[in-house]
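Residue numbers (our numbering): 1 to 435.
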Amino acid sequence: MSFSFSAVPEAINSKLGMNLPIKEALVLLILAGKYDNHLWRIILLVAQYHLMQIPTNDGGAGDDTSSASSSMTYFVGIFGYAVTAIGIWLRPHFANTKARPKFGSIFVTGCDSGMGKATVIGLVKAQCGDNNRYDQIFAGCYDPKGALASYEKELTEEELKCVTLVALDVTDDDSVNEAARTVREWIYKNNKGRKNKSGSEELLGLTGLVQFHGVAFNGPSAYMPIEMYTRQLDVNFVGTIRIVQALLPLLKKSAKNSAGYRSRIVLTGTGGGSCSPCPPLLTAYMSSKFALEAYSQSLKQELFMTDCRIDVSVINPGFVKPTMLISEGTRISASMWVACEEKLGSSVAKDEYGAMLDHFTHYSALQPGTHVSKIVEATKHALLSRIPRSSYKVGIDSKLAPIVGMMPTGVREWIARHGIYGILSPAGTVPGYKV
């Protein structure tokens, strides 16, 4: 018995009464909903365009009716392609549109300012006065007294009751352990005796951990003091691990709730994640973020294989504004040059790389950036969606970065240089360097 693969499309068409490219376009649209990597969604767009070019057999040659039908099929195909393209580009993760109820408590780090503070305020504003709310939102702050004055300006007295400011230095074991103790005591004091739906006692505790703390040391790898590399890694990478290890027991316990809701860990990467191209002067910062990307992937697999019912997501922001990025970066750069001069006994580091770093700072200031509220939206999705994404690319620069990162090496490196220091940069070409 012979079999022809070419007969399969005709058989499907005859059964379903649809043109094959249209059916496959629907399949592509559904597949696109599973990708949060924009490169693969672009590949699906190309595949959809290719399918649109497949000719259809609507009748014999020279038949006016057939010709009209073919023209109609072509224009319908164009319209279908446009609709599918919009769907693929704008609506990923169709399965994740339903939100689950808020429950338990959330711990957020880096809440003195920036993304951490915006997230706490966003979570509080979204729940106060609502029956569907978190028990408490813990805000880890390096300077809780200073942060309190800032929060009092933006939250009402009633809203402040939803927040507990916790002193936190992620580089200090004692500080991290004390913060974890504060959370445990609050949960035990306020939730003891709570009943679940079956009427038995259930202690709902910490159900979400969001980490936004971080620093960014930029400078020449040949001269930047090792202490600055150590500090960068201790805050961005090792500090993240300290927090996870201290609070993971509480997250695991909450994940055993009777409703079956999973706990969440949300970390902060950068740009396009592990596929980001790495421009000059960012060796310390990008190394810390690449380490965190690897950590998050491995942690996620460990939790899955031990059936801990905890999801791990990474927020990958591009330039985010308003934050203290520019002012803080300028201050850190000044201290970095001083440290280099003390180490070397001369200004050779600044003489060689000063103009390059100044150009990078100018480039950063010219970036329109993504509003910090978009970070808050991504965090809410990671905490409340039934199926969170593994990575949230926030901002057009973050979405394009992994596409550039997967290009051929020479092309990737050319774009990484010229995007900041050369002909593609809004700051123009940096003088005195080979770009």
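Backbone N, C-alpha and C define an ideal beta-carbon position, used for all residues, glycine too.
Everything numeric in this text was worked out from a predicted model, so none of it was measured.
Applying the 10 Å Cβ sphere with the 16-neighbour rule, what's the burial state of A82? Sixteen is the threshold: since fewer than 16 other Cβ atoms of the shown chains lie within 10 Å of the Cβ of A82, the residue is exposed.
Given S373, which residues of its chain have a CB within under 8 Å of its CB, disregarding the five upstream and five downstream residues? A118 and G122
According to DSSP, what are the bridge partners of P317? V394, per the DSSP bridge assignment.
Just the C-alpha distance for A382 and V210, rounded to the nearest angstrom, thanks. Computed Cα separation, rounded: 10 Å.
Pair within 7 Å by beta-carbon distance, G140 and V166: yes
Excluding sequence positions up to five away, which residues of its chain have a Cβ less than 6 Å from the Cβ of K350? Non-local beta-carbon contacts of K350 in its own chain, meaning distances under 6 Å to residues more than five positions away in sequence, involve W337 in chain order.
For F107, the residue or residues it bridges with in DSSP: F138 and L209
Quick check on the DSSP output: the beta strand (DSSP E) that includes R386 runs from which residue to which? It is not in any beta strand (DSSP E) - R386 carries neither H nor E in the DSSP assignment.
Quick one, which of G239, T240, R242 and I265 has its alpha-carbon nearest L251's? I265
Three or more C-beta pairs under 8 Å: does that hold for the stretch 287 to 297 against the stretch 225 to 239? At 8 Å Cβ cutoff, the stretches touch.
Consult DSSP for L267 and reduce its assignment to one of helix, strand or coil. strand
Where the beta strand (DSSP E) containing A167 begins and where it ends: V163 to A167
Determine the DSSP secondary structure at F94, reduced to helix, strand or coil. In this prediction, F94 scores a pLDDT of 46, lower than 50, which makes its location untrustworthy; the coordinate-derived value is nonetheless stated afterwards. Reduced to three states, the DSSP call for F94 is helix.
Cβ neighbours of G432 in the same chain (closer than 7 Å, five flanking residues each side left out): A355
Grab the span of the alpha helix (DSSP H) containing G146 for me, first residue to last. For G146, the enclosing alpha helix (DSSP H) starts and ends at P144 to E154.
Given this structure, state the Cα-to-Cα distance separating P144 from D135, to the nearest angstrom. 20 Å
I want to check one thing, is the minimum distance from the CB of M305 to the heavy atoms of the ligand NAP below 6 Å? Questions concerning the ligand NAP fall outside what the structure shown contains, since it holds no ligand whatsoever.
Tell me the residue span of the alpha helix (DSSP H) that contains N257. N257: not part of any alpha helix (DSSP H); DSSP gives it neither H nor E.
Return the residue from the list I420, S175 and V314 that minimises the CA-CA distance to A294. Considering only alpha carbons, the answer is V314.
The alpha helix (DSSP H) that contains L292, what's its start and end? T283 to M305
Going by DSSP in three states, I310 sits in which element: helix, strand or coil? strand
Residue span of the alpha helix (DSSP H) that contains D174, given as start and end: D173 to N191
In whole angstroms, what is the alpha-carbon distance linking G510 and V394? This structure leaves residue 510 out entirely; the chain is present only between 1 and 435.
What residues are listed by DSSP as bridge partners for H359? According to DSSP, H359 bridges with nothing at all.
Using the Cβ count rule (16 or more neighbours within 10 Å means buried), how would you classify V176? buried
Going by DSSP, which residues form a beta bridge with A99? S385
Strictly by DSSP, which residues pair up with T370? V320
Three-state secondary structure assigned by DSSP to S347: In the three-state scheme derived from DSSP, where H, G and I count as helix and E and B as strand, S347 is classed as coil.
Coarse secondary structure for P402, derived from DSSP in three states: helix
With DSSP run on the structure shown, which of helix, strand or coil describes V120? If DSSP states are grouped into helix, strand and coil, V120 belongs with the helices.
Under three-state DSSP, which class holds I375? helix
Which term fits R181, buried or exposed, when burial requires 16 or more other beta carbons within 10 angstroms of its beta carbon? R181 comes out exposed.
From E341, R331, E154 and L267, residue whose alpha carbon lies closest to that of F237: L267
Run of the alpha helix (DSSP H) containing R417, from where it starts to where it stops: T409 to Y421
If you measure between the beta carbons of F212 and M115, is that distance less than 7 Å? yes
When the distance is taken between beta carbons, is H359 closer than 7 Å to V430? yes
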